[in-house]
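Remarks on the structure that follows.
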């Protein structure tokens, strides 16, 4: 297990270097002491490679190549050790430039987020300087055992606007060396006979001022078997033991990298908060996927809004690492209600609505998550629930499903003034039927802040408030 901490995570540039390092060692015997010694010797060789003049870092989507151990020598020649890291952006070719036919690599790229990432590739020069020599072949007959794997190096370094390439790349080399040391510890700790477990670097974004942290876990070992390591990390960073900061599902997702499943995450983050007199904003904590009508090749338009709200909630528990199961389908939700005795067998495959009570039952049945139910006799009374809703988002931080009349919605937060009683609700609307277009969803109010008149003033409402397990 390894930890490297970046600077405070607000604005600036992250240098992220990735690349495979080949781990190969040959054993004459397979006794444990010899294996450990051979592994350590192989890592010493890898350390030497990273520190050698053959080590090369190339900046992705650009012509920039840097030799960090040759005085931070770089090409093109306009780049010197004193070049600011931020100036590297002008050499990077963006997708927008390519689609517009702008082939010049020296066009400046537009930063689409406060945090920008410069991706680098770790490579090794295959040829050595000096005259070449003819290869010499020899043959030796002996029994041996060959250990081989690929180490997935993945290091990050935080830079400020004043950092030069020389400063940043010195820190990058330190991070690479440190990660190799800790990868060796992980391999030796989890070695079983001659079976190697590949080290897996993951990055986690902790609450300020701690910032971005890198941890190396043994790949293939489930989170359930890494609780002792997570407890150590929580102690080291003085984190509470009721939130899974270091589970794999909570690993940091770098800007611009698309999610493979195609769902939008946290669309509310682009919204401007409402201004209330002496008001405060209380929001969902963590990451969720926006689930709505017509996704997953499922036509549930007109009846599936509560199912979609439930799926959004399930995605939250999955992406915080509380559960490992996938988000349930409509049929799996229906089957769960049959299994708990809430519905008849004919309910499975139907287009019947469900409400907050059914959402509560499914969360308990499929995820082992308990929920509180808030009853509101009419929509006009919801405005008086500001304190309870604010407290929920402050302490639990989970999305809320609200059902009333024939509609269901997801509440992601509230803006509430304790002095005036003013309140606004952050609503994620499952009735949306379009594509995953963030601009449409936020501009048209499918994810947006709503006032008290959003609710049917005379309808009866039930709210399902999921309670998060207090685990790490």
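Residue numbers (UniProt numbering): 1 to 472.
We put the beta carbon where it would ideally sit given N, CA and C, even for glycine.
Predicted model, so just to flag it, every value in this text is computed and none were measured.
Buried versus exposed, by CB contacts within 10 Å (16 or more), residue i
i: residue 183; result: buried
i: residue 282; result: buried
i: residue 356; result: buried
i: residue 20; result: exposed
i: residue 269; result: exposed
i: residue 358; result: buried
i: residue 260; result: exposed
i: residue 116; result: buried
i: residue 193; result: exposed
i: residue 369; result: buried
i: residue 351; result: exposed
i: residue 140; result: exposed
i: residue 74; result: buried
i: residue 439; result: exposed
i: residue 392; result: buried
i: residue 297; result: exposed
i: residue 70; result: exposed
i: residue 258; result: exposed
i: residue 138; result: exposed
Cutoff 7 Å; reference residue i; Cβ partners in own chain excluding five residues on either side
i: residue 106; result: Bear in mind that the predicted position of residue 106 carries a pLDDT of just 40, short of 50, making it too unreliable to give a figure here.
i: residue 249; result: 318, 319, 320 and 321
i: residue 38; result: 25 and 27
i: residue 220; result: 197
i: residue 342; result: 358 and 361
Residue i and residue j closer than 7 Å at C-beta
i: residue 415; j: residue 274; result: yes
i: residue 468; j: residue 418; result: no
i: residue 323; j: residue 367; result: yes
i: residue 210; j: residue 237; result: yes
i: residue 159; j: residue 13; result: yes
i: residue 340; j: residue 360; result: no
i: residue 426; j: residue 412; result: yes
i: residue 289; j: residue 325; result: no
i: residue 199; j: residue 216; result: yes
i: residue 207; j: residue 186; result: no
i: residue 144; j: residue 295; result: no
i: residue 149; j: residue 23; result: yes
i: residue 88; j: residue 65; result: no
i: residue 60; j: residue 163; result: no
i: residue 373; j: residue 267; result: no
i: residue 382; j: residue 168; result: no
i: residue 400; j: residue 362; result: no
i: residue 195; j: residue 316; result: no
i: residue 179; j: residue 155; result: yes
i: residue 165; j: residue 72; result: yes
For residue i: DSSP bridge partner residues
i: residue 242; result: Looking at the DSSP assignment, residue 242 forms no beta bridge with any residue, so it has no partner.
i: residue 145; result: 27
i: residue 397; result: In the DSSP output, where bridge partners are listed per residue, residue 397 has none listed.
i: residue 124; result: 55
i: residue 20; result: 152
i: residue 374; result: 463
i: residue 254; result: DSSP lists no partner for residue 254.
i: residue 469; result: BP columns for residue 469 are empty, so no partner.
i: residue 281; result: 415
i: residue 426; result: 413 and 449
i: residue 353; result: In DSSP, residue 353 forms no bridge with anything.
i: residue 73; result: 67
i: residue 119; result: 16
i: residue 217; result: 200
i: residue 289; result: 265
Cβ neighbours of residue i in the same chain (closer than 6 Å, five flanking residues each side left out)
i: residue 457; result: 379 and 380
i: residue 242; result: 470
i: residue 277; result: 417 and 420
i: residue 96; result: Reliability of the predicted coordinates at residue 96 is poor, the pLDDT of 48 falling under 50, and no value is obtained from them.
i: residue 430; result: 292, 305, 308 and 309
i: residue 432; result: 292 and 446
i: residue 449; result: 274, 424 and 426
Reference residue i, options the options, closest by Cα
i: residue 203; options: 18, 371 and 37; result: 18
i: residue 271; options: 27, 191 and 444; result: 444
i: residue 82; options: 170, 152, 27 and 144; result: 170
i: residue 251; options: 223, 120, 262 and 278; result: 223
i: residue 123; options: 472, 232, 52 and 408; result: 52
i: residue 309; options: 228, 403, 278 and 74; result: 403
i: residue 436; options: 262, 370 and 194; result: 262
i: residue 409; options: 230, 93, 79 and 313; result: 313
i: residue 459; options: 146, 434, 375 and 451; result: 375
i: residue 50; options: 173, 385 and 257; result: 173
i: residue 190; options: 205, 29, 152 and 229; result: 229
i: residue 253; options: 213, 34, 422 and 36; result: 213
i: residue 47; options: 331, 280, 33 and 181; result: 181
i: residue 34; options: 233, 80, 146 and 240; result: 146
Spatial neighbours of residue i in its chain, beta-carbon cut-off 8 Å, leaving aside the 5 residues before and after
i: residue 454; result: 425 and 427
Proximity test, Cβ basis, 7 Å: residue i and chain D
i: residue 245; result: Of the chains in the structure shown, none is chain D; there is only one protein chain.
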